[in-house]
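> Those sequence lines, one after another, are chains A and B. In terms of the working numbering, the first sequence is residues 33 to 204. In terms of the working numbering, the second sequence is residues 5 to 256. C-beta: ideal position from N, C-alpha, C; glycine also.
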Amino acid sequence: MTATSQCLPTETEVWSRLEAVTDPEIPVISVVDLGIIRDVVWDEGELAVVITPTYSGCPAIRVIEDSIRDAIRDLGVENFRLETRLSPAWTTDWLSERGRERLRDYGIAPPACGAAQVVDISRIMNRRHRAIACPHCGATATQPVSQFGSTPCKALYRCQACLEPFDYFKEH
Amino acid sequence: MTVCDATLDFSLRVGDSCLILGQRLSALCGHGPSLEEDIATTNVALDLIGQAQNWLSHAGEMEGEGRDSDSLAYFRDAHEFRNLVLVEQPNGHFGDTMARQFYFDVWHYLLLSQLIESSDETIAGIAGKSIKEVRYHVERSCDWVVRLGDGTSESHEKMQAALERQWPYVGELFEAGPHHARLVEAGIAPALSTLQEPWSRHVGEVMAEATLTVPDRPQSRAGVKAGQHSEHLSYLLAEMQGLRRAHPNAEW
Chain A
33 MTATSQCLPT ETEVWSRLEA VTDPEIPVIS VVDLGIIRDV VWDEGELAVV
83 ITPTYSGCPA IRVIEDSIRD AIRDLGVENF RLETRLSPAW TTDWLSERGR
133 ERLRDYGIAP PACGAAQVVD ISRIMNRRHR AIACPHCGAT ATQPVSQFGS
183 TPCKALYRCQ ACLEPFDYFK EH
Chain B
5 MTVCDATLDF SLRVGDSCLI LGQRLSALCG HGPSLEEDIA TTNVALDLIG
55 QAQNWLSHAG EMEGEGRDSD SLAYFRDAHE FRNLVLVEQP NGHFGDTMAR
105 QFYFDVWHYL LLSQLIESSD ETIAGIAGKS IKEVRYHVER SCDWVVRLGD
155 GTSESHEKMQ AALERQWPYV GELFEAGPHH ARLVEAGIAP ALSTLQEPWS
205 RHVGEVMAEA TLTVPDRPQS RAGVKAGQHS EHLSYLLAEM QGLRRAHPNA
255 EW
């Protein structure tokens, strides 16, 4: 079959295909659930996919971009471009409900909502840490071990009830 | 000098500072005092290098000669770098690393909280992205200054000495480049002198909590912004740029 305009996927079809593209570091969550796909639009015969990086130096972004390219080619689209949009900056508030649940099932505590505010510097230190529920046993008696974890997006916590360490997808 | 040239210069000042500090911190990978701190240090390095990439890309666009962030990072020599002399200082012991980070992070956060309102949309975008990351940097370095300052008598003494050693490089944080006034007029960047008061206040509060004494001597080290650096930068660049220069078109 030749690639005529009739067999090109619709924007909705592209979105559903991208739901199968996962984050290489957290393979249970898709790039759509992560909120990094900002737009999918046909622009005069060219498909534009707009993405926003999570962290400025996130090493996974190149792999994610390659996976997105492969997924789009799988749909038979050759004429496309990936655009990077920095503003508005990505926030964990864009994580979908489904994404949050999948994180929890995977053993990562999902991020608290509404936390991505710029605050006065005097309020940064000693800020009260939210009660983060342990993804293993559900207890809220947990303690931060380090604000930096195995990937830029995660902090390290410990549950005082079941004593298990766990990752927290930190609010951003 | 046009506003565009002044923006180029400013983007290099912030971007080079992020890059050089990121490179310094990267050298600690595998050498942290504990696993968590090792991971934290390299995470901060990663954030800063990512931010540098954004700033240097913007600088390259302003320059308009087709140089991207990689060519600016790898193919400029020491005298062309515009980073703060503070960030090129050696890692020393953990207290030295934290003193340098503490002074820089507080300044960086205050600067970014002004730049998110920049009339240059790209700068506002980079700042909006960076500030969320830098919030965690500030939290960590302030926390360490308190833990070490208010720790044992040995850690207190070492932290105080480290903060004294880095102090002469602080003056430069508030020193404007020769054309910075153009950026202030255009609403692109704040006057750097306006950061001094909130910086001193916050640094003072953290040091008081840490039972440390704010150094009682001038911060100034005038003239460094003209592209003068300490002896340390060339060695750092040799390591950072060597591979890239030996194989300029290598891909992997």
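When you compare only the Cα positions, how much space is there between residue 120 (chain A) and residue 46 (chain B)?
Taking the straight line from one Cα to the other gives about 26 Å.
> Quick check: is the beta carbon of residue 153 (chain A) nearer than 8 Å to any beta carbon in chain B?
Answer yes: the Cβ-Cβ gap between residue 153 (chain A) and chain B drops below 8 Å somewhere.
> Taking the Cβ atom as the reference point for each residue, do residue 153 (chain B) and residue 163 (chain B) lie within a distance shorter than 8 Å?
Yes; because the gap between Cβ atoms is below 8 Å, this pair is in contact.
> At least one CB of chain A closer than 8 Å to the CB of residue 12 (chain B): is that the case?
So no, residue 12 (chain B) is outside the interface.
> Drop a sphere of 10 angstroms on the beta-carbon of residue 251 (chain B), count the other beta-carbons inside from all chains shown, and report buried for 16 or more, exposed for fewer.
That one is exposed.
> On the premise that residue 104 (chain A) lies in contact with residue 73 (chain A), defined as a C-beta separation below 8 Å, what is that separation, rounded to the nearest angstrom?
Not confirmed; about 13 Å, so no contact.
> For a cutoff of 8 Å on Cβ pairs, would you count residue 206 (chain B) as touching chain A?
Chain A contact via Cβ: present.
> Does DSSP put residue 176 (chain B) in a helix, a strand or coil?
Helix.
> Just to make sure I have the definition right: I need the residues of chain A whose C-beta is within less than 9 Å of the C-beta of residue 210 (chain B). Which are they?
Near residue 210 (chain B) (Cβ distances below 9 Å), the residues of chain A are 157.
> According to DSSP, is residue 38 (chain B) helix, strand or coil?
Residue state, collapsed to three classes: coil.
> Just how far apart, CA to CA, sit residue 63 (chain B) and residue 71 (chain B)?
Taking the straight line from one Cα to the other gives about 9 Å.
> At 4 residues or longer, what runs of the alpha helix (DSSP H) sit wholly inside the stretch 112-152 of chain B?
Listed in chain order, there is nothing to give.
> Chain A beta carbons: is any one of them nearer than 8 Å to that of residue 110 (chain B)?
With 8 Å as the cut-off, residue 110 (chain B) counts as an interface residue toward chain A.
> Please state the DSSP three-state secondary structure of residue 100 (chain B).
Looking at residue 100 (chain B) - three-state DSSP - the assignment turns out to be helix.
> Give the secondary structure of residue 112 (chain A) by DSSP, where H, G and I count as helix, E and B as strand, and everything else as coil.
Residue state, collapsed to three classes: strand.
> Across which residues does DSSP place residue 75 (chain A) in a beta bridge pair?
Residue 75 (chain A) pairs with A:78.
> Flag this pair as touching only if the stretch 23-38 of chain B and the stretch 161-171 of chain A have three or more C-beta atom pairs under 8 Å; answer yes or no.
No, they do not touch.
> Quick one: what does DSSP say residue 88 (chain A) is sitting in, helix, strand or coil?
Three-state DSSP puts residue 88 (chain A) in coil, outside helix and strand.
> Are residue 200 (chain A) and residue 163 (chain A) close, meaning C-beta to C-beta below 8 Å?
In this structure, residue 163 (chain A) does not lie closer than 8 Å to residue 200 (chain A) by Cβ.
> Measuring CB to CB, does residue 146 (chain B) end up less than 8 Å from residue 106 (chain B)?
Against a cut-off of 8 Å, the Cβ pair of residue 106 (chain B) and residue 146 (chain B) comes out as a contact.
> Less than 8 Å between the C-beta atoms of residue 102 (chain B) and residue 171 (chain B), yes or no?
No, the pair does not count as a contact, with Cβ atoms beyond the cut-off.
> With a threshold of 8 Å, are at least 3 pairs of Cβ atoms found where one atom belongs to the stretch 49-68 of chain B and the other to the stretch 18-25 of chain B?
Verdict: yes, contact present.
> Could you tell me which of B:194, B:19, B:234 and B:14 sits nearest to residue 115 (chain B), measuring between CA atoms?
For the residues B:194, B:19, B:234 and B:14, the minimum Cα distance to residue 115 (chain B) belongs to B:194.
> At a Cβ cut of 8 Å, what residues of the stretch 169-184 of chain A count as close to chain B, listed as they run along the chain?
Of all residues in the stretch 169-184 of chain A, 177, 178, 179, 180, 181, 182 and 184 have a Cβ within less than 8 Å of some Cβ in chain B.
> If the criterion is Cβ atoms closer than 8 Å, does the pair residue 89 (chain A) and residue 39 (chain A) meet it?
No, the pair does not count as a contact, with Cβ atoms beyond the cut-off.
> Between the stretch 125-145 of chain A and the stretch 48-68 of chain A, do three or more beta carbon pairs fall short of 8 Å?
Yes, since at least three Cβ pairs between the stretch 125-145 of chain A and the stretch 48-68 of chain A fall closer than 8 Å, the two stretches touch.
> Using alpha carbons as the reference points, say which of B:28, B:243 and B:199 lies closest to residue 91 (chain B).
Of the listed residues, the one whose Cα sits closest to residue 91 (chain B) is B:28.
> Let me check understanding here. Comparing Cα to Cα, which of B:69, B:130, B:68 and B:87 lies closest to residue 173 (chain B)?
Measuring from the Cα of residue 173 (chain B), the nearest candidate turns out to be B:87.
> So with Cβ pairs under 8 Å, would you call residue 4 (chain A) a contact of chain B?
Residue 4 (chain A) cannot be examined here, being either before or after the span of chain A that is shown, 33 to 204.
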